[in-house]
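In our numbering, the protein residues as written are 98 to 214. All C-beta atoms, glycine included, are put in the ideal place defined by N, C-alpha and C. Note that this is a predicted model, so its numbers are computed, not measured. Working notes, beginning with the structure itself.
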């Protein structure tokens, strides 16, 4: 017979993954706020999560337009020792560039022939 903790883990795992995943078009601030609330909830419930686990999930679950900046952060920072708060501070400096990337992506999707000319 399985114990209740393993059953809860199976139920909650997909929910945690969804909460850790940034939404299409979501601002970095909104994503960070959700992660911050989730981490507070985990702390309140005495769930142990390593700094490294949080950092990896925080960076990996960002939308594709952030990947260039995520790579820069990974190369310049130690994932095990720096908090996701610092990563947020570093990444938010690039929000304007990401907004431009998103705008270009939307423009291409709306009128693919406009970029050919």
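The beta carbon of residue 184 is closer than 8 Å to those of 152, 155, 156, 170 and 174 in its chain, skipping five residues each way along the sequence. Runs of the beta strand (DSSP E) lying entirely within the stretch 115-146, each at least 3 residues long, are absent.
The Cβ neighbour count for residue 119, taken over all protein chains shown within 10 Å, is at least 16; the residue is labelled buried. Residue range 181-189 is occupied by the alpha helix (DSSP H) that includes residue 183. Residue 178 carries a coil assignment under DSSP once its states are collapsed to helix, strand and coil.
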